[in-house]
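Chemist:
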């Protein structure tokens, strides 16, 4: 039997946050940019994390405005829906697909 989530079978309290309350503040966006590890691979945009960290102050306002605008209109950019997936060898023989795990680099 398939269980379907509906308002009828999903109870919330008045204190529970709702998705409409989500706000992309400049402070939060800057904090997230600065939390990006410089050693990580770049995402689909190919912008290195080091560059994002160095330009955090300049990027904060435009990224928070764009993110809030997309969220308010219910739009998700295509690039945010995609990822680069790479097989990482984890076992003895490289000829068996079972000896690989997939890693998503976004």
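Numbering (this note's numbering), first residue to last: 2 to 107.
Where is the CB? At the ideal position from N, CA and C, for every residue including glycine.
For the beta strand (DSSP E) containing residue 89, list its first residue and its last residue.
Modeler: Taking the chain shown and counting its residues from 1, one reaches residue 89 at position 88. Where residue 89 is concerned, the enclosing beta strand (DSSP E) stretches over 85 to 90.
Chemist: Might you give, ordered along the chain, the residues of its own chain that have their beta carbon closer than 7 Å to the beta carbon of residue 6, omitting 5 neighbours on each side?
Modeler: The count along the chain shown starts at 1 and reaches residue 6 at position 5. Only weak support exists for where residue 6 lies, its pLDDT of 45 falling under 50; the value from the coordinates is given anyway. If we look at residue 6 and ignore the five residues flanking it on each side, it has no Cβ neighbours.
Chemist: Please check if any C-beta of chain B sits within less than 7 Å of the C-beta of residue 66.
Modeler: Absent from the structure: chain B. Only one protein chain is present.
Chemist: Of the residues 99, 103 and 70, which one's Cα is nearest the Cα of residue 1?
Modeler: Any answer about residue 1 is impossible in this case: the structure gives the chain only from 2 up to 107.
Chemist: Determine the extent of the beta strand (DSSP E) in which residue 102 is found, giving its start and end residues.
Modeler: Position 101 of the chain shown, counted from the start, is the residue given in the question as residue 102. Unbroken beta strand (DSSP E) run through residue 102: 101 to 106.
Chemist: How about the stretch 67 to 77 and the stretch 41 to 49: do they share at least three Cβ pairs that are nearer than 8 Å?
Modeler: Counting Cβ pairs under 8 Å, fewer than three are found: no touch.
Chemist: On a Cα-Cα basis, can you pick out the residue from 61, 73, 47 and 49 that is closest to residue 22?
Modeler: Indexing the chain shown from 1 puts residue 22 at position 21. Residue 73 is the option with its Cα nearest to residue 22.
Chemist: What do you get for residue 97, buried or exposed, if any count of 16 or more other CB atoms within 10 angstroms of its CB means buried?
Modeler: Locating residue 97 in the chain shown gives position 96, where the first residue counts as 1. Counting Cβ neighbours within 10 Å, residue 97 comes out exposed, since fewer than 16 surround it.
Chemist: Starting from residue 52, trace the alpha helix (DSSP H) both ways and give me its first and last residue.
Modeler: As a first step, residue 52 must be located in the chain shown, where it is residue number 51. From DSSP, the alpha helix (DSSP H) with residue 52 extends over 50 to 55.
Chemist: Would you mind sorting residue 65 into buried or exposed? The rule is 16 or more other CB atoms within 10 Å of its CB.
Modeler: One-based indexing of the chain shown puts residue 65 at position 64. With 16 or more Cβ atoms within 10 Å of its Cβ, residue 65 is classed as buried.
Chemist: Please work out which residues of its chain come closer than 8 Å, Cβ to Cβ, to residue 92, disregarding the five sequence neighbours upstream and downstream, and give them in chain order.
Modeler: Your numbering for residue 92 matches position 91 in the chain shown. Correct list, in chain order: 99, 100 and 101.
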